[in-house]
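Engineer: Okay, handing you the structure first.
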Amino acid sequence: MNVVTQAPKPAFPFILLDASGQPSLIAQKCTACGATYADSERVACGRCGGRADVLETFLPATEGTLHSAVIVRRGFPGVDVPFISAVVDLDGGPTIKGTLRNTAGFEPDHAAPGQRVRVRFDDALGRKDKAGGSYIAHYFEPIPA
Amino acid sequence: MSDIYIVGIHMIDFGRHPNRTPGQLGAQAALEALDEADITIKDVQAVFSGSNYTTMIGQKILQQIGQTGVQIINLVNACSTGASAVRMAYTAIRAGEFDTVLCVGVEQMTGLGMLGGAVPGSIPTEGILGSATMPAVFGESGVEYAARTGATQADFAQVAVKNHYNATMNPKAFLRKETPLDMVLEAETIAWPLTKLMCSVNVDGAAAAVVMSEEQVKRRGLMDRAIRIRGSAMASAPWQERDPIMHDVNGPTRLAAQKAYAMAGVDPRDIDLVELHDCFASVELQHYENLSLCGEGEGVKLIRDGSTELTGSIPVNASGGLLSKGHPIAATGIANMYEIALHLRGQAGERQIRGAKIGMTHVVGLGTSAAVHILEKA
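Structure (structure tokens):
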């Protein structure tokens, strides 16, 4: 059996792994209008239409505020439930979506809008691509008040 | 400027039609609409048809009812597909190219399971990138609304109570059972705050409309059944900081509604009833505000004080809504117009809104596309 020993890859375009494999978030900001995007390869700005040359890459904050969340109790077949699907406004932008974990449980209070959260990086639930490669994903965790 | 009218409109019973093809379902709706307009397929100069799950649906329909060789344009515009077909008929007639156009929306969806866009990539992302299921996406929009307005899960559930009650009087609806508040709240949670009874159901369905120029309506003597299209407007999502990470169904609905009101020259107070896009119970409250049926933050009040019930000041989803009829994506936009047409003509039976003169229809599809029409009895 072939043993694959390749380095994990980022699960999404807004995750950056440096040469040593350290993850961070990466995003784009429009220098013309200030819009931010959870992306690294935009063609142009969706707000003002500024072309790629006015888009600059930046490393967004890894803390933010929970904007909205739901407790998913029935998902697509084969996906473990429950989990909390969350929309988070990172401090200074952009907004990203992800899964909120390490909460006290799965009650509405555990996923209340306004809650402060931080971004953690971890293996993508053990999921691998066809070549056996693993992926690094982002997760949100509550910041204790 | 002369007006444009719907002179024939029909929806088939929504539900399970496992032994019919999508072409047959569309054909059934189209023939009923043609019959009501007292014309045949040979009088139709163009077809705008739509389906999100069947390609070339217009051709499949004409293969059933008459291959006249006319122009057919098939649309895929998410939940706004059917309304988009009517909008295109409106603009094509307005442009003077045609005077008689057939619009059809069809979907065969039984067994599709929970809808939602899989995110392209090397690994499945559900559970990592939150959830892409429609109940989760709309639930998140509802939680955002609740945080802003103080709406509760019970307020959302009350929408399902109201709409399911209305559907007990609609023989074409898929769900025709009253659901008391505790039943809605105690149903299986799909994506909190949404329970199963707060989600619309995948069904098979079709709806069709014949749209005609004023000159043609008069020439054929069809004014007795004609429904004037006073406003017809569509919008996509204007830039907003969270869209499309969190799809914005509010912005496009607001834009389309503002355009439709301006085009029709009417005020929200002039609207007698509304059929809006309650794909999930929570979003109905959002659309009360988006469609200016109330002021900002007052959507909750409208459901609590009964204003949108059949006997209220502005009845919403007298048909039972998508929550009850079921939601065959591309058929829904025309089905909403069918309901309004029934009321404007005084044909809605037990659920008739008495004296209804002007009605509004709304659909919004994720991605995003919203359509609002303002209809009036000729």
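So the protein sequences, as listed, match chains A and B.
With the numbering used here, letter number 50 in the first sequence gets 50, and the count goes up by one each step, no holes.
With the numbering used here, letter number 370 in the second sequence gets 370, and the count goes up by one each step, no holes.
By construction, the Cβ of each residue, glycine as well, lies at the ideal position given by its N, Cα and C atoms.
1) Residues of chain B with CB closer than 9 Å to the CB of Gly98 (chain A), please, in chain order.
2) Determine the closest residue to Gly265 (chain B) out of B:Gly295, B:Cys294 and B:Ala233, with distance taken between C-alpha atoms.
3) Can you tell me which of B:Ala356, B:Leu285, B:His164 and B:Thr311 puts its alpha carbon nearest to the alpha carbon of Tyr145 (chain B)?
4) Using DSSP with H/G/I as helix, E/B as strand and the rest coil, what is Ala226 (chain B)?
5) Answer yes or no: do Thr368 (chain B) and Ser236 (chain B) have a C-beta to C-beta separation smaller than 8 Å?
6) Where does Ala356 (chain B) land, buried or exposed, given buried means 16+ other C-beta within 10 angstroms?
7) So if I threshold CB-CB distances at 7 Å, which residues from the region 39-66 of chain A count as touching chain B?
8) Once you ignore the five residues that flank Lys60 (chain B) on each side, which residues in its own chain have a CB closer than 6 Å to its CB?
9) Looking at the C-beta of Ser324 (chain B), does it have a partner C-beta in chain A at a distance below 8 Å?
10) For Leu125 (chain A), which of A:Val81, A:Val70, A:Val88 and A:Glu107 has the nearest alpha-carbon?
11) Does the beta carbon of Thr133 (chain B) sit closer than 8 Å to a beta carbon anywhere in chain A?
12) Can you round the beta-carbon distance between Val316 (chain B) and Val274 (chain B) to whole angstroms, since I take them to be within the 8 Å contact cut?
13) For Cys33 (chain A), list the residues DSSP reports as bridge partners.
14) In angstroms, rounded to a whole number, what distance separates the CA positions of Glu36 (chain B) and Thr361 (chain B)?
15) Starting from Arg120 (chain A), trace the beta strand (DSSP E) in both directions and tell me its first and last residue.
16) Verify whether the separation of the beta carbon atoms of Gln45 (chain B) and Val86 (chain B) is less than 8 Å.
17) Which ranges does the beta strand (DSSP E) cover as unbroken runs of at least 3 residues, wholly within the region 25-81 of chain A, from first to last along the chain?
18) For Gly92 (chain A), which residues in chain B fall below 7 Å Cβ to Cβ?
19) What three-state label does DSSP hand Ala206 (chain B) in the structure shown?
20) Please list, in chain order, the chain A residues whose beta carbon lies closer than 9 Å to that of Ala191 (chain B).
21) What in chain A is Cβ-close to Ile245 (chain B), meaning under 8 Å?
22) Can you tell me where the beta strand (DSSP E) with Gln380 (chain B) in it begins and where it stops?
Structural biologist: According to the structure shown:
1) Numbered from 1 along the first sequence, position 98 holds the residue referred to as residue 98 (chain A). Ordered by position in chain B, the residues that pass the 9 Å Cβ test against Gly98 (chain A) are Ile128, Leu129 and Gly130.
2) The count along the second sequence starts at 1 and reaches residue 265 (chain B) at position 265. Per the Cα distances, B:Ala233.
3) The count along the second sequence starts at 1 and reaches residue 145 (chain B) at position 145. Of the candidates B:Ala356, B:Leu285, B:His164 and B:Thr311, the one whose C-alpha sits nearest the C-alpha of Tyr145 (chain B) is B:Leu285.
4) By one-based count along the second sequence, residue 226 (chain B) stands at place 226. Coil.
5) As a first step, residue 368 (chain B) must be located in the second sequence, where it is residue number 368. As a first step, residue 236 (chain B) must be located in the second sequence, where it is residue number 236. Between Thr368 (chain B) and Ser236 (chain B), the C-beta gap is smaller than 8 Å, which places the two residues in contact.
6) As a position in the second sequence, residue 356 (chain B) is number 356, starting the count at 1. Ala356 (chain B) counts as buried, since at least 16 other C-beta atoms from the protein chains shown sit within 10 angstroms of its C-beta.
7) Residues Gly46 and Arg47.
8) For the purposes of this step, residue 60 (chain B) is taken as residue 60 along the second sequence, with counting starting at 1. So the list reads Gly23, once near-sequence residues are dropped.
9) Indexing the second sequence from 1 puts residue 324 (chain B) at position 324. With 8 Å as the cut-off, Ser324 (chain B) does not count as an interface residue toward chain A.
10) Within the first sequence, the letter at position 125 stands for residue 125 (chain A). Among A:Val81, A:Val70, A:Val88 and A:Glu107, the Cα nearest to that of Leu125 (chain A) belongs to A:Val81.
11) The residue labelled residue 133 (chain B) in the question sits at position 133 within the second sequence. By the rule that beta-carbons nearer than 8 Å mark a contact, Thr133 (chain B) touches chain A.
12) Counted from its first residue, the second sequence places residue 316 (chain B) at position 316. Counted from its first residue, the second sequence places residue 274 (chain B) at position 274. Rounded, the Cβ-Cβ distance is 5 Å, consistent with contact.
13) By 1-based counting over the first sequence, the position of residue 33 (chain A) is 33. As far as DSSP is concerned, Cys33 (chain A) takes part in no beta bridge.
14) Position 36 of the second sequence, counted from the start, is the residue given in the question as residue 36 (chain B). Position 361 of the second sequence, counted from the start, is the residue given in the question as residue 361 (chain B). Rounded to whole angstroms, the separation of the alpha carbons of Thr361 (chain B) and Glu36 (chain B) is 21 Å.
15) Position 120 of the first sequence holds residue 120 (chain A). Counting along the chain, the beta strand (DSSP E) containing Arg120 (chain A) begins and ends at Arg116 to Lys128.
16) As a first step, residue 45 (chain B) must be located in the second sequence, where it is residue number 45. As a first step, residue 86 (chain B) must be located in the second sequence, where it is residue number 86. Cβ distance not < 8 Å, so Gln45 (chain B) and Val86 (chain B) don't count as in contact.
17) Runs found: 27-30, 55-58 and 63-72.
18) As a working note, residue 92 (chain A) is residue 92 in the first sequence. Result: empty, since nearest Cβ-Cβ is about 12 Å, beyond 7 Å.
19) In the second sequence, residue 206 (chain B) corresponds to position 206, counting from 1. Strand.
20) For the purposes of this step, residue 191 (chain B) is identified with residue 191 of the second sequence, where counting begins at 1. Correct list: Val70, Ile71, Val72, Arg73, Arg74, Gly75 and Ser85.
21) Numbered from 1 along the second sequence, position 245 holds the residue referred to as residue 245 (chain B). Within 8 Å of the CB of Ile245 (chain B), the CB atoms of chain A belong to Ala38, Val87, Pro94, Thr95, Ile96 and Lys97, in sequence order along the chain.
22) Because chain B in this structure spans residues 1 to 378, residue 380 (chain B) falls outside the shown range and cannot be described.
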